[in-house]
Amino acid sequence: MATTTLSRPSNDKWIAGVCGGLGQRFGINSNLIRLAFVLSCLLPGPQFIVYIVLWIIMPKKASY
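All residue numbers for the sequence shown refer to the UniProt record's numbering, where the first residue is 1 and numbers rise by one.
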């Protein structure tokens, strides 16, 4: 089930929850997003900078 907002979940995170939040937002398994991120790190580019920026701007999901 995809959520309507982009937020970092507290129950589906390994480091900061960015991949878990992206997975929940777009209805994709978060482990596939993690795998894509790790594989993309083999290529040159700003992957770590994008991850850190998303970590900063994505709010934590409120736990009820």
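No residue lacks a Cβ here, since even glycine has one placed at the ideal position from N, Cα and C. Small disclaimer: the values here were computed from a predicted structure and weren't measured.
Residue G20 holds the alpha-carbon nearest to the alpha-carbon of L35 among G20, M58, I49 and P44. At a Cβ-Cβ threshold of 8 Å, G17 and R25 do not count as neighbours.
G45 sits exposed, since fewer than 16 C-beta atoms from the chains shown fall within 10 Å of its C-beta. Close CB contacts of S30 within its chain, under the 6 Å cut and outside five residues either way in sequence, are with D12, C19, G20 and G23 (chain order). A residue is called buried once 16 or more other Cβ atoms fall within 10 Å of its Cβ, and K60, having fewer, is exposed.
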